[in-house]
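Structure record follows, encoded as structure tokens.
2 protein chains.
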Amino acid sequence: MSAFVYDIPTKVYFGENQLEHLGKELAVYGSRVLICYGGGSIKKNGLFDRVTAEIKKAGLTWFELSGIEPNPRVASVNQGAQICKKEGIDVILAVGGGSVIDCAKFTAAAAFYDGDAWDIMTMKYQPTKALPILDISTLSATGSDMDAGGVISNPDTKDKIGFSIPGVLQPKVSFLDPTLTYSVSEYQTACGSADILSHVIESYFVPQNGSMYMLDKVKEGLMKTVIKYAPVALEEPNNYEARANLQWAASWAINGFTGVLQNCAWSCHPMEHELSAIYDITHGLGLAILTPRWMKYILDETTVERFYEYGVNVFGVDASLPQMEAAEKSIEMTKDFLYGTLGLKSTFGEIGIDDTNFSIMAKKACQGAVLPGFKPLKQEDIEKIFAMCL
Amino acid sequence: MSAFVYDIPTKVYFGENQLEHLGKELAVYGSRVLICYGGGSIKKNGLFDRVTAEIKKAGLTWFELSGIEPNPRVASVNQGAQICKKEGIDVILAVGGGSVIDCAKFTAAAAFYDGDAWDIMTMKYQPTKALPILDISTLSATGSDMDAGGVISNPDTKDKIGFSIPGVLQPKVSFLDPTLTYSVSEYQTACGSADILSHVIESYFVPQNGSMYMLDKVKEGLMKTVIKYAPVALEEPNNYEARANLQWAASWAINGFTGVLQNCAWSCHPMEHELSAIYDITHGLGLAILTPRWMKYILDETTVERFYEYGVNVFGVDASLPQMEAAEKSIEMTKDFLYGTLGLKSTFGEIGIDDTNFSIMAKKACQGAVLPGFKPLKQEDIEKIFAMCL
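Sequences listed follow chains V and R, in order.
The opening position of the first sequence corresponds to residue 1 in the numbering used here, with each subsequent residue numbered one higher.
The opening position of the second sequence corresponds to residue 1001 in the numbering used here, with each subsequent residue numbered one higher.
What follows is the structure, encoded as structure tokens:
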């Protein structure tokens, strides 16, 4: 079991009617605020007005970066950085889902850099500082509200690159109000839930010395939370208990607490990033299609124990079954949850993806070498997993 | 389900050989360090020399506050505050268990106050700032390394008062090295484990709207961790996996994450504080004797569901049993764990406590009114619970 550094400084206001603290928290960092948001739903549903009312009340000035895309693009980051420099922005406020928060994070870093923001993603420029970031998260999925990471896409190069800059990109303060997620569509609720589940799976399926029992129990609890409440949220979008559990689970699935001991890289996320870089699909949907195939591909005598634990402790598979049988059952139950309960599409075919780009996507996912996950995967392995998704 | 603010900024270096980061982390806050410690075991086992070597290497100066008592006394806090003022201390480093860290916390606050430090405990003076606190935690029990609270005793008044000052008393950085807990005695390991378990129980046994499913799963995981690894640590004191799981569970049992939604005060802790204020017993032992009696006293039709969940999810009690039977079994299994597995004494009689002070202790525990826990308790209720412990 390795040593680790735990460092999650984000303060979180959780629950309804917490926005009254927004002005005060922003004012700690300055008076000129850049509000980042997406396609404008926050203007229609009144959230934008609530936010700017609080900003006004605190005597602050705001500017806007709007139109941030799902799978946010580097052009938005460059545009945001330009506003920061031109307007002397002190603090960034992201209002939206993970895409908006991710874009805000890299904008905050790019504000201190004179070149193309893509240089951050390619590590040509390695930021050591960023403008302070606050956010109001409106989607339970990426957990970008408590972590130091983000993912940015470049349509010109068909690249989608994600990484973390701990100590630089963590939001200072996040506002998580489950009632703001009531209006999330059935489809996005399902994709978001698949994303949360995938984050936990990525840190749960690690070699024995990559975790610890206490954290395994937390991870199992987070997965059980998604399995219990995603269907409730689909059935009753305004169920506070369900939305609250999903939202808090989303943050803790990826804020670094549970994954802290993990010695190896993730598997399904790198594969999915290549998919959505080319096909611009919803991240959670790509993960939902890939995950059970990846599970099936890597299940063998060396990995069976972890699948057994997963099946028994998360899905309540009968502990007295032979290990391999319980493991296989756990994969079937994962499928049932993703494609049955969540109602997500289950194959590439259904979303218009064929094998045209398998080779190039697989090569990129393993960076031409090996994807060092729970079970290390070479290009040919990844191509086979893609083929299982057809 | 209420709203809450989550704010746990402490950075943690977890694992072996992390002390190499100590000098750098202290230097962030200044050059004059007050090292707080207890009876001197850290001088015998070499830890003091390791710590001062790191401080020297970073070019810092240190002063010492030694002899901090288990159940730390206000005299030590006053003494520490005096050193801080006289020597112009910049930063406090606590090296020891919860008592040392608690004393360091209130010393850090008292350094900015000219009166008696007891005024902080009686809320005559309410601190809004404190010197920065770092710690090296050597005992898995109180979890004082990540929270904003502490408990201080006053032998003159026979008072023992504990509370939190969020935003003021949280340590900036904690070093948790499980190997430093290898030398903790069998008795203190048992008492510490009982303390961790009690912290989780206090926040698990709350009214339905005082928790959320996702956090309940985390709490069950923390309790299972104590139940699994305390006996391993007793059997093999140098078992890293056991010591690491207990240590990280200790921090998370009380750092505010799991208890965040709790709407009501704790029950067993206030009762135990009165016990150890008069009899100076080990806190964890007092909790171990009280907890199952408190459970038995409050178990009825209105609380049975929580006990059932506890029994089934933590101790693996047969879920098909009638609720009340499963609940009663869960209390029996708690007793078996505390008095059997951990080998702790099970009655007041065995530790020389009779009914002489029951009335005054009960009155103080409920502050002459009602102790507003899971089941509100009046003085007469608390006296009955004490009597059950004889």
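Where a beta carbon is used, it is the ideal one built from N, C-alpha and C, also for glycine.
This one's a predicted model, so the numbers in the text were calculated from it and none came from an experiment.
- [ ] For my contact list, L197/V and S267/V are in at a C-beta cut-off of 8 Å; report their separation, rounded to the angstrom.
- [x] Counting from 1 along the first sequence, the entry for residue 197/V is found at position 197. Counting from 1 along the first sequence, the entry for residue 267/V is found at position 267. Not a contact, Cβ separation roughly 14 Å.
TODO: Quick one: residues in its chain with C-beta nearer than 6 Å to the C-beta of A1326/R, no 5 flanking neighbours on either side, listed in chain order?
DONE: Here residue 1326/R corresponds to residue number 326 of the second sequence, with the count starting at 1. Taken in chain order, the residues that qualify are Y1308, G1311, V1317.
- [ ] Any chance you could list the beta strand (DSSP E) runs of at least 3 consecutive residues sitting entirely within the region 151-190 of chain V, in chain order?
- [x] The DSSP assignment places complete beta strand (DSSP E) segments of no fewer than 3 residues inside the region 151-190 of chain V at 159-164, 173-176, in order along the chain.
- [ ] Thinking F348/V and E383/V are a contact (beta carbons under 8 Å), I'd like their distance in whole angstroms, please.
- [x] The residue labelled residue 348/V in the question sits at position 348 within the first sequence. The residue labelled residue 383/V in the question sits at position 383 within the first sequence. Taking the Cβ atoms as the reference, F348/V lies roughly 13 Å from E383/V, outside the contact range of under 8 Å.
TODO: Consider the Cβ of M1121/R: report whether some Cβ of chain V lies at a distance smaller than 9 Å.
DONE: Position 121 of the second sequence, counted from the first residue, corresponds to residue 1121/R. Residue-level contact by beta carbon fails for M1121/R and chain V, as no gap is shorter than 9 Å.
Task: Min CB distance Y1182/R to chain V below 9 Å - done: The sequence position of residue 1182/R within the second sequence is 182, counting from 1. No, because no Cβ of chain V sits closer than 9 Å to the Cβ of Y1182/R.
TODO: Tell me, to the nearest whole angstrom, how far the beta carbon of L1169/R is from that of G1149/R; I am working on the premise that it is less than 8 Å.
DONE: For the purposes of this step, residue 1169/R is taken as the residue at position 169 of the second sequence. For the purposes of this step, residue 1149/R is taken as the residue at position 149 of the second sequence. That pair is a contact at about 7 Å.
Open item on the list: When you compare the CB positions of N1154/R and R1243/R, do they come within less than 9 Å of one another, or not?
Closed with: Indexing the second sequence from 1 puts residue 1154/R at position 154. Indexing the second sequence from 1 puts residue 1243/R at position 243. No; because the gap between Cβ atoms is not below 9 Å, this pair is not in contact.
TODO: Please name the residues in the region 1001-1022 of chain R whose beta-carbon is closer than 9 Å to at least one beta-carbon of chain V, in chain order.
DONE: With the criterion set as a beta carbon lying under 9 Å from some beta carbon of chain V, the members of the region 1001-1022 of chain R are M1001, S1002, A1003, F1004, V1005, Y1006, D1007, I1008, P1009, T1010, K1011, V1012, Y1013, F1014, G1015, E1016, N1017, Q1018, H1021, in sequence order.
- [ ] Reducing DSSP to helix, strand and coil, say where V260/V ends up.
- [x] The residue given as residue 260/V occupies position 260 in the first sequence. Of the three classes helix, strand and coil, the one that applies to V260/V here is coil, per DSSP.
Open item on the list: Assess contact between the region 132-139 of chain V and the region 90-109 of chain V, defined as three or more Cβ pairs (one per stretch) separated by less than 8 Å. Is contact present?
Closed with: In the pairwise beta carbon analysis, the region 132-139 of chain V is classified as touching the region 90-109 of chain V: at least three pairs are separated by under 8 Å.
- [ ] Kindly provide the ranges of any alpha helix (DSSP H) runs that are 4 or more residues long and lie completely inside the region 92-139 of chain V, ordered along the chain.
- [x] Within the region 92-139 of chain V, the complete alpha helix (DSSP H) runs of at least 4 residues are 98-110, 118-121.
Open item on the list: Taking only three categories from DSSP, how would you classify L1377/R?
Closed with: Counted from its first residue, the second sequence places residue 1377/R at position 377. In this structure, L1377/R counts as strand in the three-state DSSP scheme.
Task: From S1164/R, D1159/R, D1145/R, residue whose alpha carbon lies closest to that of P1127/R - done: Reading the second sequence from its first residue, position 127 is the one you call residue 1127/R. Considering only alpha carbons, the answer is S1164/R.
TODO: Starting from F1004/R, follow the alpha helix (DSSP H) in both directions and report where the run begins and ends.
DONE: In the second sequence, residue 1004/R corresponds to position 4, counting from 1. From DSSP, F1004/R is part of no alpha helix (DSSP H) but of the beta strand (DSSP E) over 1004-1006.
Open item on the list: According to DSSP, simplified to helix, strand and coil, what is V226/V?
Closed with: One-based indexing of the first sequence puts residue 226/V at position 226. V226/V: helix per DSSP, three-state reduction.
Task: V1074/R, DSSP secondary structure in three states - done: Looking up residue 1074/R in the second sequence gives position 74. In the structure shown, V1074/R sits in a helix (DSSP, three-state: H, G or I).
- [ ] Mind checking which residues open and close the alpha helix (DSSP H) that includes V1317/R?
- [x] Taking the second sequence and counting its residues from 1, one reaches residue 1317/R at position 317. Run containing V1317/R: none; DSSP gives neither H nor E here.
Open item on the list: Starting from W1062/R, trace the beta strand (DSSP E) in both directions and tell me its first and last residue.
Closed with: On the second sequence, residue 1062/R is found 62 positions in, with the first residue counted as 1. Segment 1061-1065, the beta strand (DSSP E) holding W1062/R.
Open item on the list: Is it buried or exposed, M123/V, if we count other Cβ atoms within 10 angstroms and call 16 or more buried?
Closed with: Reading the first sequence from its first residue, position 123 is the one you call residue 123/V. Exposed: under 16 other Cβ atoms inside 10 Å.
- [ ] Spatial neighbours of M460/V within its chain, please: CB distance less than 6 Å, with the 5 preceding and 5 following residues excluded, ordered by chain position.
- [x] No answer is possible for residue 460/V: it lies beyond the span of chain V, which begins at 1 and ends at 390.
Task: Helix, strand or coil at L47/V according to DSSP, with G and I counted as helix - done: If you number the first sequence from 1, residue 47/V lands on position 47. Note: L47/V maps to helix in three-state DSSP.
- [ ] For V1314/R, I'd like the list of residues in its chain whose CB is within less than 8 Å of its CB, leaving aside the five on either flank, ordered along the chain.
- [x] By one-based count along the second sequence, residue 1314/R stands at place 314. Cβ within range, chain order: E1220, M1223, K1224, I1227, S1330.
Task: Member of V200/V, K129/V, E328/V, E16/V whose CA lies at the smallest distance from the CA of T181/V - done: The sequence position of residue 181/V within the first sequence is 181, counting from 1. Of the listed residues, the one whose Cα sits closest to T181/V is E16/V.
Open item on the list: Comparing C-alpha positions only, which one of A1110/R, Y1125/R, T1179/R sits nearest to S976/R?
Closed with: Residue 976/R lies beyond the stretch modelled for chain R, which goes from 1001 to 1390, so this question has no answer here.
Open item on the list: Along the chain, where does the beta strand (DSSP E) containing I298/V start, and where does it finish?
Closed with: For the purposes of this step, residue 298/V is identified with residue 298 of the first sequence, where counting begins at 1. If you look at I298/V, you'll find it isn't in any beta strand (DSSP E); it sits in the alpha helix (DSSP H) that goes 283-298.
Open item on the list: My output table needs one value for K1345/R: the three-state DSSP class, helix, strand or coil.
Closed with: As a working mapping, residue 1345/R is identified with position 345 in the second sequence. Three-state DSSP puts K1345/R in coil, outside helix and strand.
Task: Chain-ordered chain R contacts of A249/V [CB-CB under 8 Å] - done: Position 249 of the first sequence holds residue 249/V. The contacting residues are M1214.
Task: Residues from the region 232-261 of chain V in contact with chain R, defined by Cβ distance under 7 Å - done: Flagged, chain order: Y240, E241, A244, N245, W248, A249.
Open item on the list: Looking at G1040/R: is its Cβ nearer than 9 Å to the Cβ of E1069/R?
Closed with: Taking the second sequence and counting its residues from 1, the one referred to as residue 1040/R is at position 40. Taking the second sequence and counting its residues from 1, the one referred to as residue 1069/R is at position 69. By the CB criterion at 9 Å, G1040/R and E1069/R fall outside the cutoff.
Task: Proximity test, Cβ basis, 9 Å: G221/V and chain R - done: Position 221 of the first sequence, counted from the start, is the residue given in the question as residue 221/V. Closer than 9 Å: yes.
- [ ] Assign C1366/R to one of three DSSP states: helix, strand, or coil.
- [x] Mapped onto the second sequence, residue 1366/R falls at position 366. In the three-state reduction of the DSSP assignment, C1366/R falls in the coil class.
Open item on the list: Counting only Cβ-Cβ distances shorter than 8 Å, please list the residues of the region 1105-1139 of chain R near chain V, keeping chain order.
Closed with: Residues of the region 1105-1139 of chain R with a C-beta atom less than 8 Å from some C-beta of chain V do not occur.
Open item on the list: Please identify the residue among E1025/R, F1004/R, T1303/R whose C-alpha is closest to the C-alpha of Y1013/R.
Closed with: The residue given as residue 1013/R occupies position 13 in the second sequence. The residue with the shortest Cα to Cα distance from Y1013/R is E1025/R.
TODO: Please go through the same chain and pick out, in chain order, the residues whose beta-carbon is closer than 6 Å to the beta-carbon of I278/V, but skip the five residues on each side of it.
DONE: As a position in the first sequence, residue 278/V is number 278, starting the count at 1. The answer, listed in chain order, is K158, N357.
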